[in-house]
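Data first, discussion second: the structure below is written as structure tokens.
There are 2 protein chains.
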Amino acid sequence: PGKNVLIVYAHQEPKSFNGSLLKIAVEELTKQGCSVTVSDLYAMQFEPRATRNDIVGEPSQNIPLSKKSDFSRGYNCPCLLLEMDDLPVESFPLFWFNMPAILKGWMDRVLVQGFAYDLSKVYDGGLLQDKLSLFSFTTGGSKEKYAIRGDIRYLLWPMQHGIMHFCGVKVLEPHICYAPENVSEEKRKEMLAAWSQRLKTLWKEEPIDCSPEWYFK
Amino acid sequence: PGKNVLIVYAHQEPKSFNGSLLKIAVEELTKQGCSVTVSDLYAMQFEPRATRNDIVGEPSQNIPLSKKSDFSRGYNCPCLLLEMDDLPVESFPLFWFNMPAILKGWMDRVLVQGFAYDLSKVYDGGLLQDKLSLFSFTTGGSKEKYAIRGDIRYLLWPMQHGIMHFCGVKVLEPHICYAPENVSEEKRKEMLAAWSQRLKTLWKEEPIDCSPEWYFK
Chain A
1 PGKNVLIVYA HQEPKSFNGS LLKIAVEELT KQGCSVTVSD LYAMQFEPRA
51 TRNDIVGEPS QNIPLSKKSD FSRGYNCPCL LLEMDDLPVE SFPLFWFNMP
101 AILKGWMDRV LVQGFAYDLS KVYDGGLLQD KLSLFSFTTG GSKEKYAIRG
151 DIRYLLWPMQ HGIMHFCGVK VLEPHICYAP ENVSEEKRKE MLAAWSQRLK
201 TLWKEEPIDC SPEWYFK
Chain B
1 PGKNVLIVYA HQEPKSFNGS LLKIAVEELT KQGCSVTVSD LYAMQFEPRA
51 TRNDIVGEPS QNIPLSKKSD FSRGYNCPCL LLEMDDLPVE SFPLFWFNMP
101 AILKGWMDRV LVQGFAYDLS KVYDGGLLQD KLSLFSFTTG GSKEKYAIRG
151 DIRYLLWPMQ HGIMHFCGVK VLEPHICYAP ENVSEEKRKE MLAAWSQRLK
201 TLWKEEPIDC SPEWYFK
């Protein structure tokens, strides 16, 4: 109640299963009195490429351009400054053990130095340490397929630890819907109901312990 | 000698350290008699977003669009079909424990079903099993910084295993240059020389064992 929620949504098709998950999240969280904002990246035609257009001044020689993004000196995409709020929920289909490029581009361009982290202000001291996050995604393969070779948690390390934890953002348990396209309509409905149910008590959840043990125990 | 090499390069600035690494690779491999092709993603203004423009026909309801890419039914970006060859070398600065979005978009849009994998033709049976790959990248943080929390190999899992190994592509040891922007000019020159040196005997290298143990032992 009174919480601000930003949903960064990365699916092309409103009628997709991801679209249904989004709709449920917006409805349930709004009903709770949260203020919900959706960044629908494909609909916004969000630019995933980090280029010199994002950078003020001339890049120095031999320094990777990305490192020159300096929020404090004036980041020239003001629309991006509004993109972080109490609870960012990342919502997407898993592409290649990872986020789709358009969502990775959101991370690359929004979470800049001076805004999300700064020199030694990282991890528990990151600049976004009063925020919570949650990754909600669907997969192509079944749960069993992901378990054959290791554990699905392995692929969460770069997203949850390398991005969110690095910026100080606490991380709730991810919400994974396995292979919605390969299950029955009834099972899909169960998955949607489970998401709705989880959202009802979301604010009582404890963040995960974002240590290597959680991922690779 | 006689090998075809594709370098997928993702840096905005030719004068960057990544640009120098690219130049060395092109020179050394050409000198060996390899046929070297460079996909300079930023220069090509490569589109990282996978949209319905990539898809033939109408997407079905409730099915994630990405799954509808069907190479065999006619993939409508023919320029992308040429993108795989004997040795893809991915060359990029690490952004957020991961590839930059533009390179992730290359993976999303080039490695489509029917071309890179197919139903049960995955991992050692993947469709690109006669190919080798190598990830060459630079980092912002020092080697020590990456070792504080786990191991840099953790973040290689989605890229090397989840993408390359999944398609059957064998993976050579990654080539990592740590924090080139924070070291002396002399150290940078040493790093460039080491890359050049490694390339001289590259074709004698054995691929890594792409099992969970390699990453998380």
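First to last, the sequence lines map onto chains A and B. 13 is the number that the UniProt record's numbering gives to position 13 of the first sequence; each next residue is one higher, with no gaps. 192 is the number that the UniProt record's numbering gives to position 192 of the second sequence; each next residue is one higher, with no gaps. Note that beta-carbon positions come from the ideal geometry of N, C-alpha and C, so glycine has one too. Just so we're clear, the structure is a prediction, and the values are computed from it rather than from any experiment.
Rounded C-alpha distance that separates Gly126/B from Phe115/B: 9 Å
Applying the 10 Å Cβ sphere with the 16-neighbour rule, what's the burial state of Asn98/A? buried
Determine whether the beta carbon atoms of Thr30/B and Val38/B lie at a separation below 7 Å. no
Can you find a C-beta in chain B that's less than 7 Å from the C-beta of Phe95/A? yes
When burial is assigned at 16 or more other CB atoms within 10 Å of the CB, is Lys170/A buried or exposed? buried
Report yes if the C-beta distance between Ala101/B and Gly162/A is below 7 Å; otherwise report no. no
Determine whether the Cβ of Leu134/B lies closer than 7 Å to any Cβ atom of chain A. no
Member of Leu155/B, Met107/B, Tyr123/B and Arg52/B whose CA lies at the smallest distance from the CA of Trp96/B: Leu155/B
Could you tell me the alpha carbon to alpha carbon distance between Ser20/B and Lys200/B, rounded to whole angstroms? 17 Å
Counting only runs that start and end within the segment 131-167 of chain A, where is the beta strand (DSSP E) found for 3 or more residues in a row? 132-138
As a quick exercise: from Tyr146/B, Val89/B, Glu206/B and Arg153/B, pick the residue whose alpha carbon is nearest that of Ile24/B. Val89/B
Going by alpha carbons, who is nearest to Arg188/B out of Leu128/B, Thr138/B and Arg109/B? Thr138/B
Under 7 Å (Cβ pairs) to chain A, residues found in the segment 205-216 of chain B: Pro212 and Phe216
When you compare the CB positions of Ser133/B and Met159/B, do they come within less than 7 Å of one another, or not? no
With Ala10/A and Phe135/A assumed to form a contact (beta carbons below 8 Å), what rounded beta-carbon distance in angstroms separates them? Contact doesn't hold; Cβ gap of about 11 Å is too wide.
Using only alpha-carbon positions, find the residue among Asp118/B, Ile148/B, Lys204/B and Pro180/B that is nearest to Gly168/B. Asp118/B
Please name the residue in Asn18/B, Gln32/B and Leu22/B whose C-alpha comes closest to that of Asn4/B. Gln32/B
Shorter than 7 Å from the beta carbon of Pro49/B to some beta carbon of chain A? At residue 49/B the sequence reads Arg, which differs from the Pro that was named. Arg49/B counts as touching chain A.
Over the uninterrupted beta strand (DSSP E) stretch that includes Thr51/B, give me the two end residues. Neither: Thr51/B is in no beta strand (DSSP E) and is coded neither H nor E.
Go through the segment 89-139 of chain A residue by residue and report every complete run of the alpha helix (DSSP H) that reaches 4 residues or more, in order. 101-110
7 Å Cβ cutoff met for Arg149/A and Tyr215/A: no
With a threshold of 7 Å between beta carbons, is Gln12/B in contact with chain A? yes
Please compile the residues from chain D whose C-beta is within a distance smaller than 9 Å of the C-beta of Trp157/B. Of the protein chains in the structure, A and B, none is chain D.
Within 9 Å of chain B by C-beta, residues of the segment 99-111 of chain A in sequence order: Met99, Pro100, Ala101, Ile102, Leu103, Lys104, Gly105, Trp106, Met107, Asp108, Arg109 and Leu111
Going by alpha carbons, who is nearest to residue 218/B out of Asn182/B, Tyr178/B and Cys210/B? Chain B is shown from 1 up to 217; residue 218/B falls before or after that span and cannot be answered.
Flag this pair as yes or no: are the beta carbons of Gln45/B and Thr51/A separated by less than 7 Å? no
Counting along the chain, where does the beta strand (DSSP E) carrying residue 229/B start and finish? Outside the shown range of chain B, which is 1 to 217, sits residue 229/B, and nothing can be said about it.
For the candidate residues Val8/A, Gly141/A, Met191/A and Pro212/A, whose alpha-carbon lies nearest to that of Leu94/A? Gly141/A
Name, please, each residue of chain B whose Cβ falls closer than 8 Å to the Cβ of Gly42/A. Reading the sequence as shown, one finds Tyr at residue 42/A and not Gly. Ordered by position in chain B, the residues that pass the 8 Å Cβ test against Tyr42/A are Arg49 and Thr51.
Neighbour flag for Gly162/B against chain A, beta carbons, 7 Å: yes
Would you mind reading off the limits of the alpha helix (DSSP H) that contains Val26/A? Phe17 to Lys31
Neighbour-count burial assignment, Lys217/B, 16 or more Cβ in a 10 Å radius: exposed
May I have the straight-line CA-CA distance separating Pro48/B from Leu103/A, to the nearest angstrom? 10 Å
Have a look at the DSSP bridge pairing and note the partners of Lys170/A. Leu132/A
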